[in-house]
Amino acid sequence: MLLVTGVSGGLGRLVAERLAGRDDVVLGTRAGLPGTRLVDFDEPGTLPEAFAGVDTLLMISAGYGEDDTVVARHEAAVSAAEAAGVGHIVYTSLSGDGDHLTYSLPHRWTERRLRRSSADWTVLRNGLYAELLVWLATPDAENRVSGPLGEGRLAAVAREDLAEIAVKVATDPAPHAGRVYELVGERPLGGADLARALDAEYVPGTLAEARAALAASGAEAFQVPMLTGTYSAIAHGFMDGTGVKNDLRELLGREPLDALEVFATAVRQG
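Under the working numbering, the sequence shown is numbered contiguously, ending at residue 275.
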């Protein structure tokens with residue numbers, strides 16, 4: 006039996022759609038929605054029942070929160086999976102070039118925890134989503150992309166591709182035991198590329214301006230440095246995918262989706 010957690014989120018929802026109707030798959034949500042198991046990493050008491058009878062766990066990272074909160078969630082999940090006798094844990098992590106991001110620590114901690122686990126494991130190091138660029142580079146009212154991306158580029162990857170790979174690995178995990186896969190886009194995108202795709206002008210602002218705008222937007226306190234740090238890492242050339250061996254095409258078995266087209270479509274659809 007395969008259990009997929011976090012199916013109410015973007016990546017999890019896409020995974021769930023691909024696995025719909027299979028009698029060897031169960032889906033988990035924090036809300037315990039109809040047709041799913043209650044799987045709440047913040048409530049470890051829900052986990053023994055949730056993991057009962059599970060052979061493979063596709064553990065979609067629960068990264069919304071401060072580092073200590075996320076680490077506690079992931080420790081609870083891995084420990085409960087071990088206690089339940091889960092044989093293989095597939096974890097969606099963050100790409101290796103993301104080590105400069107403020108939110109990389111819980112991912113790397115979880116990877117270390119899995120290496121100490123009694124279960125087999127596979128790590129899918131996902132690059133930043135093409136869809137994330139909607140938050141970073143949507144044109145303003147004057148049709149200008151003003152995010153502080155500088156001359157940097159992001160090896161963005163479509164969530165659809167990552168969901169397809171997660172399903173492929175989780176439904177046949179044995180060949181992937183002990184593997185860490187880097188999954189980033191093949192064509193890094195800069196601010197000028199994003200603006201051109203939308204017939205907009207690229208006029209990058211500063212990190213200070215972005216931080217002030219984020220703080221005034223009602224974002225959670227921990228989200229402000231997260232997003233500002235993401236801008237900075239891209240602008241200073243750390244997220245263009247050149248620092249990792251990309252396994253995306255090999256695992257897909259086809260050409261990846263065009264991240265620029267995914268971004269532009271997402272912006273136009275609002």
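Glycine included, every Cβ here is placed at the ideal spot set by N, Cα and C.
With contact defined as three or more Cβ pairs closer than 8 Å, the stretch 234 to 249 and the stretch 100 to 111 are in contact. Between Pro144 and Ala197, the gap from beta carbon to beta carbon reaches 7 Å or more.
If you check the CB distance, Val44 and Thr97 do not come in under 7 Å.
When secondary structure is reduced to three states using DSSP, Glu266 falls in the helix class. Ala200 places its beta carbon less than 7 Å from that of Tyr207. The shortest C-alpha to C-alpha distance from Arg216 to any of Gly33, Leu24, Pro230 is the one to Pro230.
Spatial neighbours of Glu71 in its own chain (CB-CB distance under 7 Å, excluding positions within 5 residues in sequence) are listed in chain order as Phe227. In this structure, Ala168 lies near Leu16, with their beta-carbon atoms less than 7 Å apart. Partner residues in a beta bridge of Ile239, as assigned by DSSP, do not exist.
Leu7 and Gly58 have their C-alpha atoms roughly 9 Å apart. Using a 10 angstroms sphere on the CB of Trp140, the tally of other CB atoms stays under 16, which defines it as exposed. For Ser84, the uninterrupted alpha helix (DSSP H) run begins and ends at 72 to 89, by DSSP.
With fewer than 16 other CB atoms across the displayed protein chains lying within 10 angstroms of its CB, Ala224 is exposed. By the Cβ test, the stretch 21 to 40 is not in contact with the stretch 69 to 83, since fewer than three Cβ pairs between them sit closer than 8 Å.
Distance from the CA atom of Ala171 to the CA atom of Arg130, rounded to whole angstroms, is 11 Å. The three-state secondary structure of Gly101, taken from DSSP, is helix. Setting aside the 5 residues that flank it on each side, Trp114 is surrounded in the same chain by Val76, each with a C-beta closer than 7 Å to its C-beta; the list follows chain order. In the DSSP secondary-structure assignment, Trp126 is bridged to Ile94.
With contact defined as three or more Cβ pairs closer than 8 Å, the stretch 255 to 271 and the stretch 184 to 193 are in contact. With fewer than 16 other Cβ atoms from the protein chains shown falling within 10 Å of its own Cβ, Ser222 counts as exposed.
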